Amino acid sequence: MGIAYPVPEMQIVQPQTVEQLREALVEAQRSGRRITLGGAFSKRRMGGPVAPSEVIISTASLDRVLQYEPRDLTLSVEAGMPYAELSRLLDQHGQMLPLDPPFAEAATIGGVLAANTSGPRRRLYGTARDLVIGMKFVTLQGRLVESGGMVVKNVAGLDLAKLLIGSFGTLAVIAVANFKVLPKPPGTRTFLRNFASHREALEARDRLLASPLQPAAVDLLNPAAARLVGYDGWLLAVEAVGNAAALARYGREFPSDFTLESGEEAQFWRNVQNFTPCFLERNPQAAVVRVCCTLSGIAEVANSTEAPLVIRAGNGVCYAHFSSADEAAAWIRPDWKAVIEFAPEERKGELELWPSPGEDLAVMRRIKQNFDPDGLLNPGRLYGRI
Amino acid sequence: MIPASVKRQIAAIVGPRGLLDRPEDLMLYEYDGSVDKARPELVVFPRTTEEVAAVVRIAAEHGIPVVGRGAGTGLSGGAIPVAGGIVLSFARMDRILEIDIPNERAVVQAGVVNLDISLAAQPYGYFYAPDPSSQKACTIGGNVAENAGGPHTLAYGVTTNHVLGLEAVLADGTVVSTGGKEVDLPGYDLTGFFTGSEGTLALVTKVIVRLVRMPETIKTALAIYDSTEGAGRTVSELTARAIIPVALEMLDGVMLRMVEEATHAGYPKDAAAVLLIELEGLREAVEEQIEHVREVCLACGAREFRIARSAQERELLWKGRKNAFGAVGRVSPFYYVQDGVVPRTQIAPTLRFIGQVAEKYGLEISNIFHAGDGNLHPIILFDARKPGDLDKARAAGEEILEYCIAAGGSITGEHGVGMEKKELMPKLFSDDTLETIRDLKKLFDPACLLNPGKLLPTGKGCLEIRHPALGRDLVF
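Protein chains in written order, with the working numbering: chain A, 6 to 391; chain B, 10 to 485.
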């Protein structure tokens, strides 16, 4: 697997064992060297600027499956395990880890967790915070710390894994992650419906969510985004899971313009899942904003730009794709809970990537201080604020 | 002793009816649902977050420990004030602030009873999913502190999966809000970090939870077995066939007889075990799945498979399950509930081991548990009036938990570490882990005043502190 290191000429450490990882961190801490931390570095453009550092550490070589007992529906892997490889392994046993992150082809599990990336089926299956049952991570002091374990229900100790998920490698280094996995559903079918306005689309969404039907994915694409995946208008995309009779009922109760199955269905969702990576690849100067809002707050976001919008309409997470960082920054309203998720590296330093953090940022900074008092680990990577 | 002047300061905040300090009143706050006891010096009943913060600030100033208390139904000693000091009861903070159906959220004060959230959402067709057996009494604040579970968490997840935002008071009296009605907010997941911290990092005053759409169809079935082995095998066979019920509960023969005597729920008194299995979802899906479940149960040796024919029948079966601890109380005045977890495939051997432990100590142990996720609740019956019996019960409990650890499981699935299991923590976690937890505890609570003596084992907790109120040294 090719790893595109941020600064290829720098000293690169790629530990083969957790012990080597521990040594590398202790050494960096001792000599006060700043660390750029990553897995496959597939999401280099995500988050805050990759700060100047003296050493690069990648967990990509920690890539073993440590434990997988399909009958327990649990799995333990090292952080460098590629997400795609893990998905193939589970698929062989009729199981899945439905995180559906962007960059799924290149990303490592550690990177998916550190960036807390997720995808369309989160409506039904949740995100990393719901599917991780245990974790081991290594701190700069050289501690190998455990959280949770290998059982699906466990409240022993503090839930430290929650701090690491979405931490962008600013606290410690994820070495091992344990998951609860799920049996694949007996069948799936996707229903696509066009609307002339976001209002009508959201009304249909409201009726769907209030009905007994409980789909796995409910995504809304605005016309600009729909066009990029080959459709027109405001596109509401609903993935149903269940047996044949249940799928037939979705067809009756959620009238649609297109029904997708098997290969066609998989291709559609791959396009949605990879929407951001594809957009970034085609537009080197692009910036992507994530707005976290309530289900009823989606309307305001949907109505405020013509740039391509992919919206998790059953969760309240909106991804807006702009061709320049300035457009992105100008679009964000001060009362929104938003971050510029992706921006060109050279613009990150001057942009306010996380414009309105909550008052709990002070508590987060104290936790950062506790784990990394000298600010050595991925400084600034958490949207420029930590 | 807490000086009278401090009591007067606190009374000025919460009002004269907002605190208790007479011995006969304090006695009622010395225990929870576990077997330990310790008496507080003062019980305080704040009405608002500001009052909580003000009381905590006074406590911090005078070095007085503060222990949060909801309904006191906890099973690990989480609400017991081991170091004395103040018990801060959330009984008067019991308002549902908002039921927000369009956004699938509820905003509630910490003292709201778990079931009351579901009752408030029910008219709109929604409910709050985590359903501990004590849900008619336990509060959401206590649920957050312990990361409570319940039978239906098999499909829906535990408290942490349904809590999206918190308002909490830190040890110095600062009020902090984490998360919100929205998901995926950037930064560290403090909501998830505080959930399950057992009142040792902060006192939760307000909670934002997810509401879930009620299912269209619910089917509840009872599978009756002449051997516990067959019931255990059914659990892993269902998993292998990709069937995940919303609840999958097991009661063994000892338990069945006690439950049936107390509830008359229709459980067979002569069986070795039953599985209580619930499926829900779309009518079409549930009807097909229940037949698959029937096949699996019969193939694994069930002698009978019954489906509840009405809502009343279903409720009666659940009443039997949820009132099980009460049923035990009729037979044995004292019992000790364990909360170990094993991987699902280890259920049958673990049950055999529990049987051996019962024999070894000469104690009766009945089993009732969340079989679907491997969360066992062996109930050890003993008589505290017999010298040595409590010690035997504790020793038997510890052996069972050590077995759970060795089987790749955990010492607690939903009750919390609290007091009783803290000395087992080093068997589950490395020194590195315990020291990291201790560092975080110190970061949030440097004077060790929030629920001292919980979660961390002796020597790995806060350093030895001079307890000003008690006038002696305590080691946590």
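Just so you know, even glycine gets a beta-carbon here, dropped at the ideal spot from N, CA and C.
These numbers come from a predicted model, not from an experiment.
Per-residue burial, Met267 (chain B) [other beta carbons within 10 Å of its own, 16 or more giving buried]: Here the question's residue 267 (chain B) lines up with position 258 in the second sequence. Sixteen is the threshold: when 16 or more other Cβ atoms of the shown chains lie within 10 Å of the Cβ of Met267 (chain B), as they do, the residue is buried.
Closer than 8 Å to chain A by CB, Ala251 (chain B): As a working note, residue 251 (chain B) is residue 242 in the second sequence. Output row for Ala251 (chain B): interface = yes.
Contacts that Asn384 (chain B) makes with chain A (C-beta to C-beta distance below 7 Å): Here residue 384 (chain B) refers to the residue found at position 375 when the second sequence is read from its first residue. The contacting residues are Lys158.
Short CB-CB distance (under 8 Å) between Tyr88 (chain A) and chain B: Indexing the first sequence from 1 puts residue 88 (chain A) at position 83. Output row for Tyr88 (chain A): interface = no.
Proximity test, Cβ basis, 8 Å: Leu372 (chain B) and chain A: Counting from one through the second sequence, the residue named residue 372 (chain B) turns up at place 363. Not one beta carbon of chain A lies nearer than 8 Å to the beta carbon of Leu372 (chain B).
Residue from A:Leu387, A:Glu205 and A:Ile372 with nearest C-alpha to Leu165 (chain A): Taking the first residue of the first sequence as 1, we reach residue 165 (chain A) at position 160. That would be A:Ile372, whose Cα lies nearest to the Cα of Leu165 (chain A).
Extent of the continuous beta strand (DSSP E) run through Tyr165 (chain B): Numbered from its first residue, the second sequence carries residue 165 (chain B) at position 156. No beta strand (DSSP E) contains Tyr165 (chain B), which is instead part of the alpha helix (DSSP H) from Thr162 to Tyr165.
Residues near Ser127 (chain B) by beta carbon distance below 6 Å, same chain, minus five either side: Position 118 of the second sequence, counted from the first residue, corresponds to residue 127 (chain B). Within the same chain, Ser127 (chain B) has close Cβ partners Phe136 and Tyr137.
Alpha-carbon spacing of Val487 (chain B) relative to Ala80 (chain B), whole angstroms: Residue 487 (chain B) lies beyond the range of chain B shown here (10 to 485); nothing can be said about it.
Chain-ordered neighbours of Lys436 (chain B) on chain A, where CB pairs are closer than 9 Å: Residue numbering aside, residue 436 (chain B) sits at position 427 when the second sequence is read from its first letter. Going along chain A, no residue has its Cβ under 9 Å from Lys436 (chain B), so there is no contact; the nearest lies around 10 Å.
Touch test, the stretch 88-99 of chain A against the stretch 190-199 of chain A, Cβ-Cβ under 8 Å, three pairs minimum: No: the two stretches stay apart, fewer than three of their Cβ pairs being nearer than 8 Å.
Neighbour flag for Pro170 (chain B) against chain A, beta carbons, 8 Å: Numbered from 1 along the second sequence, position 161 holds the residue referred to as residue 170 (chain B). What sits at residue 170 (chain B) in the sequence shown is Asn, not Pro. Judged by the 8 Å Cβ criterion, Asn170 (chain B) is in contact with chain A.
Where Trp239 (chain A) sits in the DSSP three-state scheme: Taking the first residue of the first sequence as position 1, residue 239 (chain A) is located at position 234. In the structure shown, Trp239 (chain A) falls within a strand segment according to DSSP collapsed to helix, strand and coil.
Residues in the stretch 347-369 of chain B having any Cβ partner in chain A nearer than 8 Å: Cβ proximity to chain A below 8 Å picks out Val350, Val351, Pro352, Arg353 and Thr354 from the stretch 347-369 of chain B.
Below-8 Å beta-carbon distance, Val213 (chain B) vs any chain A residue: Your numbering for residue 213 (chain B) matches position 204 in the second sequence. Not one chain A Cβ lies under 8 Å of Val213 (chain B).
Sequence-distant residues of the same chain with beta carbon closer than 6 Å to Leu67 (chain A), five excluded per side: By 1-based counting over the first sequence, the position of residue 67 (chain A) is 62. Once the five neighbours on either side are set aside, the close Cβ partners of Leu67 (chain A) are Glu83, Ala84 and Gly85.
CB-CB length for Arg292 (chain B) against Thr226 (chain B), believed under 8 Å: Here the question's residue 292 (chain B) lines up with position 283 in the second sequence. Here the question's residue 226 (chain B) lines up with position 217 in the second sequence. Sure, about 5 Å apart at Cβ, within 8 Å.
Check whether Val157 (chain A) and Asp448 (chain B) have beta carbons under 8 Å apart: Numbered from 1 along the first sequence, position 152 holds the residue referred to as residue 157 (chain A). Numbered from 1 along the second sequence, position 439 holds the residue referred to as residue 448 (chain B). Note that the C-beta distance between Val157 (chain A) and Asp448 (chain B) is not below 8 Å.
Integer Cβ distance of Thr58 (chain B) from Val178 (chain B), believed to fall under 8 Å: Locating residue 58 (chain B) in the second sequence gives position 49, where the first residue counts as 1. Locating residue 178 (chain B) in the second sequence gives position 169, where the first residue counts as 1. Separation of the CB atoms of Thr58 (chain B) and Val178 (chain B) is rounded to 7 Å, and the pair is thereby assigned contact status at 8 Å.
Closest by C-alpha distance to Val65 (chain B), when choosing among B:Gly166, B:Gly42, B:Glu39 and B:Asp181: Within the second sequence, the letter at position 56 stands for residue 65 (chain B). Looking at the Cα atoms, B:Asp181 is the closest of the given residues.
C-beta atoms of Pro11 (chain A) and Gly385 (chain A) nearer than 8 Å: Counted from its first residue, the first sequence places residue 11 (chain A) at position 6. Counted from its first residue, the first sequence places residue 385 (chain A) at position 380. Gly385 (chain A) is positioned such that its CB atom lies no closer than 8 Å to that of Pro11 (chain A).
Bridge partners - Thr226 (chain B), DSSP secondary structure assignment: Your numbering for residue 226 (chain B) matches position 217 in the second sequence. Note: Thr226 (chain B) sits in a beta bridge opposite B:Gly290.
Runs of beta strand (DSSP E) wholly within the stretch 194-266 of chain A (minimum 3 residues, chain order): 222-226, 239-246 and 263-265
Alpha helix (DSSP H) runs wholly inside the stretch 115-160 of chain B, at least 4 long, in chain order: 123-130 and 149-155
In DSSP terms, what Phe453 (chain B) is bridged to: As a position in the second sequence, residue 453 (chain B) is number 444, starting the count at 1. DSSP, once it has assigned bridges, lists no residue as partnering Phe453 (chain B).
DSSP-derived helix/strand/coil call for Phe54 (chain B): If you number the second sequence from 1, residue 54 (chain B) lands on position 45. Looking at Phe54 (chain B) - three-state DSSP - the assignment turns out to be coil, as it is neither helix nor strand.
Reference Arg403 (chain B); option with closest CA among B:Gly417, B:Lys395, B:Glu429 and B:Tyr412: Along the second sequence, read from residue 1 onward, the residue named residue 403 (chain B) stands at position 394. Ranking B:Gly417, B:Lys395, B:Glu429 and B:Tyr412 by Cα distance to Arg403 (chain B) puts B:Glu429 first.
Beta-carbon proximity list for Leu194 (chain B), same chain, < 8 Å, skipping 5 on both sides: If you number the second sequence from 1, residue 194 (chain B) lands on position 185. Within the same chain, Leu194 (chain B) has close Cβ partners Gly188.
Ala280 (chain B) vs Ile233 (chain B) beta-carbon contact at 8 Å: For this step, residue 280 (chain B) is matched to residue 271 along the second sequence. For this step, residue 233 (chain B) is matched to residue 224 along the second sequence. Cβ atoms of Ala280 (chain B) and Ile233 (chain B): closer than 8 Å.
DSSP state of Cys309 (chain B) mapped onto helix, strand, coil: On the second sequence, residue 309 (chain B) is found 300 positions in, with the first residue counted as 1. Cys309 (chain B) falls in the coil class under three-state DSSP.
DSSP bridge partner residues for Leu176 (chain A) (one or two, in chain order): Position 171 of the first sequence, counted from the start, is the residue given in the question as residue 176 (chain A). DSSP lists no bridge partner for Leu176 (chain A).
Rounded C-alpha distance that separates Glu270 (chain B) from Phe334 (chain B): Counted from its first residue, the second sequence places residue 270 (chain B) at position 261. Counted from its first residue, the second sequence places residue 334 (chain B) at position 325. Straight across, the Cα-Cα distance linking Glu270 (chain B) with Phe334 (chain B) is about 13 Å.
Presumed contact (8 Å Cβ cut-off) between Val246 (chain A) and Gly205 (chain B), rounded CB distance: Stepping through the first sequence from its first residue, residue 246 (chain A) is reached at position 241. Stepping through the second sequence from its first residue, residue 205 (chain B) is reached at position 196. Val246 (chain A) to Gly205 (chain B), Cβ: 30 Å. No contact.
Short-range partners of chain B found in the stretch 358-386 of chain A, where Cβ spacing is below 7 Å: Against chain B - using a Cβ distance shorter than 7 Å - the residues of the stretch 358-386 of chain A are Trp359, Pro362, Gly363, Glu364, Asp365, Leu366, Val368, Met369, Arg371, Ile372 and Asn375.
N-terminal and C-terminal residue of the alpha helix (DSSP H) that Val426 (chain B) is part of: To locate residue 426 (chain B), count along the second sequence from 1; it is residue 417. Run containing Val426 (chain B): none; DSSP gives neither H nor E here.
Start-to-end residues for the beta strand (DSSP E) that takes in Val150 (chain A): Working through the first sequence from its first residue, we reach residue 150 (chain A) at position 145. Its beta strand (DSSP E) spans residues Leu149 to Gly153.
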